[in-house]
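FYI, my numbering numbers position 28 of the sequence shown as 39, with every residue one higher than the one before it.
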Amino acid sequence: MLKTKMKRITDRGDRAVERLAKIETSITSLADNDLLDLADIFKAEPRTPIGDLAFLDMAQRNISL
């Protein structure tokens, strides 16, 4: 029973990591205008993780709102 539960928890964590990687890839593959739109939506403080990813990618591209 404990092994099954631990496997389920591990699988859930693995799926969460995969989803996060897909979200990060989606953000980095956005066109500049779309990235700026996303950053504008998530610019409120304190920034959300999606906002952090958007602003980080904007900094790497040397673009700003």
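Ideal placement from N, C-alpha and C gives every residue a C-beta, glycine not left out.
- Our two residues, Thr36 and Asp68, have alpha carbons roughly 11 Å apart in a direct line.
- For the set Ile38, Glu29 and Asn44, the Cα lying nearest the Cα of Ser75 is the one of Asn44.
- Of the residues assessed, Ala50 falls on the buried side of the cut-off, its CB having 16 or more other CB atoms within 10 angstroms.
- For the stretch 30–62, the continuous alpha helix (DSSP H) assignments of 4+ residues that do not extend past its boundaries occur at 43–52, in sequence order.
- In this structure Ala65 touches Phe53 by the C-beta definition: roughly 6 Å separates them, less than 8 Å.
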